[in-house]
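I have placed the structure first, in the form of C-alpha cells, so that the comments after it can refer back to it.
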Amino acid sequence: IAGITQAPTSQILAAGRRMTLRCTQDMRHNAMYWYRQDLGLGLRLIHYSNTAGTTGKGEVPDGYSVSRANTDDFPLTLASAVPSQTSVYFCASSPTSGSANEQFFGPGTRLTVL
Amino acid sequence: GQNIDQPTEMTATEGAIVQINCTYQTSGFNGLFWYQQHAGEAPTFLSYNVLDGLEEKGRFSSFLSRSKGYSYLLLKELQMKDSASYLCAVSTGDYKLSFGAGTTVTVRA
Chain W
114 IAGITQAPTS
124 QILAAGRRMT
134 LRCTQDMRHN
144 AMYWYRQDLG
154 LGLRLIHYSN
164 TAGTTGKGEV
174 PDGYSVSRAN
184 TDDFPLTLAS
194 AVPSQTSVYF
204 CASSPTSGSA
214 NEQFFGPGTR
224 LTVL
Chain X
330 GQNIDQPTEM
340 TATEGAIVQI
350 NCTYQTSGFN
360 GLFWYQQHAG
370 EAPTFLSYNV
380 LDGLEEKGRF
390 SSFLSRSKGY
400 SYLLLKELQM
410 KDSASYLCAV
420 STGDYKLSFG
430 AGTTVTVRA
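The listed protein sequences correspond, in order, to chains W and X. Read in order, the letters of the first sequence are residues 114 to 227 in the numbering used here. Read in order, the letters of the second sequence are residues 330 to 438 in the numbering used here.
The following block contains the structure:
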C-alpha cells in the first residue's frame, strides 16, 4: 500500500441498506477525515479523527458514523442509506490536525443510493 | 457559516496564463490552500498561503490578501494536462478546512 486507499471504488446500494466505506493509510498520519463531494457544492467534511481512539463531527455528519480503532483505518458507515447520500466520498489524512497541514486524499468511492 | 466563492468555469489557450480568483468570508483564518483535481481523481495539494503576498512554485503561483479576503491562483504557460478543477480551501482552525465549489479550467489547443 502506498499512501491512502479506499474501497470499494464504486457501489450501487438500495435505500435502507447498511454500507461501510473503507479507508486505509500507511503514512502513519494521526489525523483522518471523510468528505463528500457533490456537484456545485464542493467538498464537505462529514467526520474527522485527530488521533486513534477519537472522532468528531464535521459539517454534515447526520446519517453517518465513524470509528478509529487504530492509526491506519478510518471506516465510514451509513446505517440506513438514503438517496440524498448519493455522492463521491473522499477519505483524507494529514500528519496532524493542525491548520497548516496539507491533506492527502484517497481516490474516492462513488456511491449511488437508489 | 463559511462563504468561499470562485468562478465555476474558465477556458484558456495552451501557452497562455489564467488567473483563478477566490474570495472568502469565514469565521477565523489559519491559511488558504489550493488543490488541483482532475476529473474522476482525488484532489492533490498545490499551494498554501498564510501570510500576505505571492508564493511561486514553477508555473503555478498563489497570492493572498488577508485584509481583502482574497486569493488567486496563477497558472502560467498552460499545458493540456492543466485541464482540471482547482479548489480553493480556507483553514479556519484545527481540522477545519472549508472548500469552495471549485473552478473547472479547460485548456484548448
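Using N, Cα and C, we set each Cβ at its ideal position, and we do this for glycine too. Keep in mind it's a predicted model, so treat the numbers as computed, not measured.
Three-state secondary structure (DSSP) at residue i?
i              : result
Q198 (chain W) : helix
M140 (chain W) : coil
D175 (chain W) : coil
D411 (chain X) : helix
T164 (chain W) : coil
L152 (chain W) : coil
N214 (chain W) : coil
Checking contacts by CB at 8 Å: is residue i closer than that to chain W?
i              : result
D334 (chain X) : no
V379 (chain X) : yes
A371 (chain X) : yes
N350 (chain X) : no
L429 (chain X) : Checking the sequence, you will find Gly at residue 429 (chain X) rather than Leu. So yes, G429 (chain X) belongs to the interface.
L393 (chain X) : no
Y401 (chain X) : no
Using beta-carbon positions only, say whether residue i and residue j come within less than 8 Å of one another.
i              : j              : result
S207 (chain W) : A120 (chain W) : no
G153 (chain W) : A371 (chain X) : no
L375 (chain X) : F389 (chain X) : yes
L383 (chain X) : F392 (chain X) : yes
L156 (chain W) : G176 (chain W) : no
V179 (chain W) : L189 (chain W) : yes
I125 (chain W) : T209 (chain W) : no
N378 (chain X) : G360 (chain X) : yes
Does residue i have its Cβ less than 8 Å from a Cβ in chain X?
i              : result
N163 (chain W) : yes
L156 (chain W) : yes
G176 (chain W) : no
Chain-ordered residues of the stretch 198–221 of chain W with a beta carbon less than 7 Å from chain X: Listed in sequence order: F203, S210, G211, S212, A213, E215, Q216, F218, G219, P220 and G221.
Beta strand (DSSP E) runs contained entirely in the stretch 364–396 of chain X, provided each spans 3 or more residues: Taken in chain order, the complete beta strand (DSSP E) segments of 3 or more residues contained in the stretch 364–396 of chain X are 373–378, 382–386 and 389–394.
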